[in-house]
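So for the sequence shown, my numbering puts the first residue at 98; every next one is plus one. All C-beta atoms in this analysis are idealised placements derived from N, C-alpha and C, irrespective of residue type, glycine included.
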Amino acid sequence: NLEFKMYHKFNANEIMEMAEQIERNGHDFYKKAAEDIKDADIKSFLLELAEMELQHESTFQEMKAALTSKEKADVVFDPHEETAAYLQALADTRVFYEKQIDTSSAQEVLKEAIVAEKESIVFYLGMQDMVPDEAGKAKLNGIIREEMKHIQIISAKLLTLNK
Numbered sequence: 098n099l100e101f102k103m104y105h106k107f108n109a110n111e112i113m114e115m116a117e118q119i120e121r122n123g124h125d126f127y128k129k130a131a132e133d134i135k136d137a138d139i140k141s142f143l144l145e146l147a148e149m150e151l152q153h154e155s156t157f158q159e160m161k162a163a164l165t166s167k168e169k170a171d172v173v174f175d176p177h178e179e180t181a182a183y184l185q186a187l188a189d190t191r192v193f194y195e196k197q198i199d200t201s202s203a204q205e206v207l208k209e210a211i212v213a214e215k216e217s218i219v220f221y222l223g224m225q226d227m228v229p230d231e232a233g234k235a236k237l238n239g240i241i242r243e244e245m246k247h248i249q250i251i252s253a254k255l256l257t258l259n260k
């Protein structure tokens, strides 16, 4: 008996598009939350985070544009489809997905923002093996570090509200 195995091929271009969508979702999340928050300081803080997400989206667009035609071809094989399933599950949760949160509560918004930032980091860590070095692995690592920094500044802001 020959066992038929399904080999899933990854396309770096598609991975970049998923990353762009995550950043757009982040932007929309922060922008919507800022509209509902009364506190001017928190509103301004959320708008800054929204702008940072747009900058990340631009970085992924640049990375995608820099892919060679060879890199845009299916380049990453995943014989057991584990990575494919992992990334698809993460993408399906639509990091920064719309959920019922009390956007009038700065604390709740910031707690949800921390969760979403963590989820985006997990997605980007999963992407690392699929991004060709020339296509911007260093840029991806830079974005991961920035997302980690977002968690730090959001946590610091949350601590000031809980005092």
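Endpoints, the alpha helix (DSSP H) within which residue i is located
i, result
"T156", "137-163"
"T200", "Unbroken run through T200: none, as it is neither H nor E."
"I134", "That residue, I134, is in no alpha helix (DSSP H); it is neither H nor E in DSSP."
"N238", "234-258"
Counted within 10 angstroms of its Cβ, other Cβ atoms place residue i as buried (16 or more) or exposed
i, result
"K260", "exposed"
"Y104", "Any reading at Y104 must be qualified, since the residue scores a pLDDT of 39, below 50, and its modelled position is unreliable; no value is offered."
"E150", "buried"
"L256", "exposed"
"M81", "The question about residue 81 has no answer, for the chain in this structure spans 98 to 260."
"H247", "buried"
"A203", "buried"
Could you say if the region 217-234 and the region 132-142 meet the contact criterion of at least three C-beta pairs nearer than 8 Å? no
Under 8 Å, with one C-beta from each stretch per pair, do the region 153-167 and the region 116-135 reach the 3-pair mark? In short, these stretches touch, since the Cβ pair count reaches three.
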